[in-house]
Structure formats: structure tokens, C-alpha cells
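Q:
In full-length UniProt numbering, the protein residues as written are 1 to 230.
(1) Could you check what DSSP says for residue 52 in three-state terms: helix, strand or coil?
(2) Assign residue 126 to one of two classes, buried (16 or more other C-beta atoms within 10 Å of its C-beta) or exposed (fewer than that).
(3) Run through DSSP, which three-state label would residue 91 get?
(4) So does residue 162 have its beta carbon nearer than 7 Å to some heavy atom of the ligand NAD?
(5) Looking at the unbroken alpha helix (DSSP H) that takes in residue 164, where does it start and where does it end?
(6) Within 10 angstroms of its Cβ, does residue 159 collect 16 or more other Cβ (buried), or is it exposed?
(7) Under 7 Å Cβ to Cβ from residue 55, same chain only, skipping five residues before and after it: list those, please.
(8) Quick check: what's the CA-CA separation for residue 136 versus residue 111?
(9) Can you tell me where the alpha helix (DSSP H) holding residue 113 begins and where it ends?
(10) Excluding sequence positions up to five away, which residues of its chain have a Cβ less than 8 Å from the Cβ of residue 161?
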């Protein structure tokens with residue numbers, strides 16, 4: 001194999017260069033893959049394959065949904081392309097291994113085919129007050145006040161919720177899927193004391209299901225968020 005090695009230690013080779021849309025950070029992608037153990041340049045036991053199941057795998061790039069070697073290795077592929085990834089343990093499952101089939105500290109080989117990619121919807125962010133305290137980063141427990149409105153064609157609609165009205169700040173772990181995706185992404189980078197306006201597209205909010213009888217399906221939302229503590 002004519003492998004290219006990246007700064008992280010990931011190795012890859014494009015066996016087929018695709019001609020379709022490119023997979024970029026934040027995109028929703030669909031792939032077929034087969035994974036093997038890999039040791040000293042030798043392919044070992046196969047441990048998983050979406051092709052064997054005839055069930056493509058879908059995930060969002062750079063959202064922490066897959067191992068780091070996949071987040072890095074699938075980026076830059078184009079639809080129709082096929083890529084071989086050699087993923088060192090530290091970009092894979094590390095010392096813990098996985099599922100009884102991947103031992104600790106294992107290097108992995110994947111053959112990946114990119115079937116489709118869809119660009120992430122655009123989250124709009126405006127800092128109305130820039131804080132000067134601790135920064136909200138993925139995995140941190142944050143405390144916020146917020147007010148949320150429906151939002152349509154640039155116009156603010158009905159208010160549907162407010163922690164300020166209840167005088168009851170909201171606490172959650174950032175990046176852990178405890179809140180809608182627009183919040184997980186939109187609150188990151190704020191600093192304590194800061195205030196931020198978020199315009200959240202439906203795909204990063206409550207989608208086709210809506211919520212609680214007050215947020216209709218496919219609704220765009222506007223939130224004003226104040227970061228109280230990290």
C-alpha cells in the first residue's frame with residue numbers, strides 16, 4: 001500500500017478517488033466499511049463489516065460519534081470514493097479495546113466507501129456580550145439562563161420557554177447529547193458572563209417531531225443564552 005501518514009499518526013490510501021460531493025467537518029455521511037485488526041503490516045481478523053450486514057452506517061463528522069481515526073480519515077473523501085485507513089490505537093479504542101473483539105492497544109485497518117454526504121445545516125451565532133470568565137468546552141458542566149422563541153423568515157415569533165421567567169437556571173453537560181445539537185454546538189466557546197444569540201435550524205433542533213406541543217415540526221428556533229457558570 002502507498003500510505004500517506006498524517007500529523008496525528010493516521011495512515012490512509014485512496015484506492016478509488018470519488019467524483020461526488022466532498023465529506024467535510026460537520027457533514028452527515030453514509031458509508032460502507034469493513035474493519036480488521038492490523039499488526040506489523042499484516043491484516044488480522046475481521047471484527048466488523050456493514051457490508052456483511054448490508055446496512056450502511058451513518059454519522060456526523062467531527063461530532064464525537066465515532067473514533068477519532070474515522071473523524072479524521074473520512075474527511076476529504078468524495079462520494080463514490082474508497083479509502084483504506086490504518087488507525088493507531090490512540091486514534092481508535094486505546095487501552096480499553098471494544099466489544100470483546102478489539103483488544104487493548106490495537107491498531108486497526110478499515111476499508112471505507114463513501115456512499116453519500118450532506119452538508120450540515122447552518123447554525124447562526126452572535127455574541128451580544130463577550131464574557132471574560134471560564135470557557136465552556138465539550139464535556140464541561142455548564143449553567144445557563146435562556147429564553148427561546150420560534151423564528152421564521154427572520155422574524156421572532158412566540159416565546160415558548162424561559163429559565164429567566166422561572167428564575168431557575170438550567171444545568172447540563174456540554175457535548176454529551178443532553179440537549180439539542182444546536183445547543184451543544186452553540187454554547188461551546190462561550191465564556192462566563194457572556195450572552196449569545198443562537199438561530200437554530202430545525203435539523204439541529206427538534207426536527208420533524210417538534211416538542212411539547214409548543215414547538216411545531218420543522219421549526220427554526222431563536223435562543224438568547226447567558227453563561228452563568230462552568
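No residue lacks a Cβ here, since even glycine has one placed at the ideal position from N, Cα and C.
A: Straight from the coordinates:
(1) Start at 1 with the first residue of the chain shown, and residue 52 comes out as number 52. In the three-state reduction of the DSSP assignment, residue 52 falls in the helix class, which pools H, G and I.
(2) As a first step, residue 126 is located in the chain shown; it is residue number 126 there, counting from the start. It is exposed - the Cβ of residue 126 has fewer than 16 other Cβ atoms within 10 Å.
(3) Here residue 91 is taken as the residue at index 91 of the chain shown, counted from 1. Correct three-state label for residue 91: helix.
(4) Judged by which ligands are present, the structure shown has none, so any question about the ligand NAD falls away.
(5) For the purposes of this step, residue 164 is identified with residue 164 of the chain shown, where counting begins at 1. Start and end: 163 to 166.
(6) Residue numbering aside, residue 159 sits at position 159 when the chain shown is read from its first letter. Exposed: under 16 other Cβ atoms inside 10 Å.
(7) The residue you call residue 55 lines up with position 55 of the chain shown. Once the five neighbours on either side are set aside, residue 55 has no close Cβ partner at all.
(8) Here residue 136 is taken as the residue at index 136 of the chain shown, counted from 1. Here residue 111 is taken as the residue at index 111 of the chain shown, counted from 1. Distance between the alpha carbons of residue 136 and residue 111: 36 Å.
(9) To locate residue 113, count along the chain shown from 1; it is residue 113. Taken as a continuous stretch (DSSP letters only), residue 113 belongs to no alpha helix (DSSP H), being part of the beta strand (DSSP E) at 107 to 118.
(10) Translated into the one-based positions of the chain shown, residue 161 becomes position 161. Cβ neighbours of residue 161 beyond the five flanking positions: 146, 147, 148, 214.
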